[in-house]
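Undergrad: Take a look at the following structure, please.
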């Protein structure tokens with residue numbers, strides 16, 4: 001979980017995830033759509049791959065990247081659990097303050 | 001957004017958010033429930049406050065901390081948007097592959 005949130009704490013990596021959500025892409029396609037060097041893209045990909053948000057596969061000379069949704073789901077579930085907990089507490093407070101409503 | 005994900009990329013800070021979801025707490029209460037020094041708690045609080053996930057207020061000698069839900073909502077919305085995008089793409093792929101279903 002640390003590594004997922006850490007990977008998402010960078011705007012370029014979030015953009016890369018966003019791009020890959022619309023379909024797999026090669027490393028050069030990712031570099032092109034972000035005006036980055038291949039080396040910079042590879043470094044970000046390494047972070048995204050290490051935490052399981054992205055999977056890459058090399059066929060011949062082309063490395064193709066795809067989003068792995070489980071990491072997104074895990075982080076989303078943590079956040080939505082906390083938000084729900086907070087809303088439930090507000091509801092209980094509301095009931096205590098206005099027992100008739 | 002960078003700072004929110006960065007703040008959540010630490011297990012202790014996520015635990016502190018989790019604790020504060022169930023209600024406001026003083027710095028010493030937070031320290032006690034995490035077996036941490038006050039100084040360590042203050043450092044984590046600084047990060048959580050800077051990105052807007054937590055608000056602290058000092059009254060007399062006691063600093064009270066409370067969760068600010070907007071940051072959680074923002075991060076959750078980003079993740080759920082990406083997940084939905086991914087699921088929609090899968091649905092479209094499914095329709096392409098099995099047009100009769």
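Chains as they are written, first to last, in the UniProt record's numbering: chain A, 1 to 101; chain B, 1 to 101.
The C-beta atom is built at its ideal place from N, Cα and C for all residues, glycine as well.
For residue 80 (chain A), would you say it is in contact with chain B, using Cβ-to-Cβ distances shorter than 7 Å as the test?
TA: Cβ-Cβ to chain B under 7 Å: yes for residue 80 (chain A).
Undergrad: Any idea what DSSP makes of residue 57 (chain A), helix, strand or coil?
TA: Three-state result, residue 57 (chain A): strand.
Undergrad: Count Cβ pairs between the segment 79-99 of chain A and the segment 9-27 of chain B that sit closer than 8 Å; are there 3 or more?
TA: Output reads yes: the segment 9-27 of chain B touches the segment 79-99 of chain A.
Undergrad: Give the residues of chain A in contact with residue 8 (chain B), contact being defined as C-beta atoms less than 7 Å apart.
TA: What residue 8 (chain B) touches in chain A: 5.
Undergrad: Looking at chain A, which residues of the segment 11-39 of chain B have a Cβ within less than 8 Å of any of its Cβ atoms?
TA: The segment 11-39 of chain B vs chain A, Cβ under 8 Å: 11, 14, 17, 18, 21, 22, 23.
Undergrad: Could you check where the beta strand (DSSP E) with residue 66 (chain A) kicks off and where it finishes?
TA: That run of the beta strand (DSSP E) goes 62-67.
Undergrad: Closest Cβ-Cβ distance between residue 100 (chain A) and chain B: below 7 Å?
TA: Chain B, which has no Cβ nearer than 7 Å to the Cβ of residue 100 (chain A), makes this no.
Undergrad: I want to verify the contact list: residues of chain A whose CB lies under 8 Å from the CB of residue 106 (chain B), in sequence order.
TA: The shown model of chain B, from 1 to 101, leaves out residue 106 (chain B), and the question about it has no answer.
Undergrad: With C-beta atoms as the reference, is residue 38 (chain B) less than 7 Å away from residue 5 (chain A)?
TA: No.
Undergrad: From residue 49 (chain B) to residue 97 (chain B), what does the alpha carbon distance come to, in whole angstroms?
TA: Roughly 49 Å between the two C-alpha positions.
Undergrad: Between the Cα of residue 12 (chain A) and those of A:78, A:58, A:94, A:36, spot the shortest distance and give me the residue it belongs to.
TA: Comparing Cα-Cα distances from residue 12 (chain A) to each of A:78, A:58, A:94, A:36, the minimum goes to A:36.
Undergrad: Could you tell me whether any Cβ in chain A is nearer than 7 Å to the Cβ of residue 2 (chain B)?
TA: Output row for residue 2 (chain B): interface = yes.
Undergrad: Should residue 49 (chain A) be flagged as near chain B, meaning a C-beta pair shorter than 7 Å?
TA: False, the Cβ-Cβ gap to chain B never drops below 7 Å.
Undergrad: Spell out whether any CB of chain A is found under 7 Å from the CB atom of residue 54 (chain B).
TA: No, no contact with chain A.
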